[in-house]
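Heads up: the sequence shown is residues 1 to 175, going by the UniProt record's numbering.
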Amino acid sequence: MNPQQRRDYESYIAGRVASLRRTAYRLAGSWDAADDLVQDTFVKLYLHWARATAARSIDAYSRRILVNTFLEQLRRPWYRRVLSFGSPPDRPVRPVDHDGALDLRAALGRLAAGQRAVVILRYWEGLDVAETAEALGCSEGTVKSQTSAAIGRLRRLLPEYAGLVQPAGTDRSTA
């Protein structure tokens, strides 16, 4: 890596560490695991910086590395997951229903890793189906089916909230 590429990399990292860390926290469930994920992501991004800068979006490239690293860790036989969705995010943007947020975090922790990744990328990160499919390296159909399965599971885990969220494209007012 030449000096200019190193400066570009360092500048990119400095500007994205907070957002990648939040995404990693949402995936892993603890700040310690999130920090490890982000560190691993930055190492892999450094090793593939030339490919990342050639990609359509460096943000999408780094997000895909993050998600793939998270999923790889879960596949390792020695990896023991300890979910601690009890600590709140850095700063809530608006007032939060803390009990509901804790319930949701616990329910997210009970989803399969792929389903959790889809929900977080779609609904917290605001990615559309195509962007989520690109980040996960799967088809749009897989994203849709994983989203549907995850929402169904969340409805079963959180029955008091089941009627509050409607899938996109449905309108219950005419029923």
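Where a beta carbon is used, it is the ideal one built from N, C-alpha and C, also for glycine.
- Secondary structure at A52: helix, using DSSP grouped into helix, strand and coil.
- Residue burial annotation: V43 is exposed, with fewer than 16 other C-beta atoms found within 10 angstroms of its C-beta.
- In this model, R64 and L154 are separated by some 24 Å (Cα to Cα).
- Under the 10 Å beta carbon count, Q4 is surrounded by fewer than 16 other beta carbons and is classified as exposed.
- Nearest in C-alpha terms to R22, of all of T142, L37 and S57, is L37.
- The continuous alpha helix (DSSP H) containing A33 extends over residues W31 to L47.
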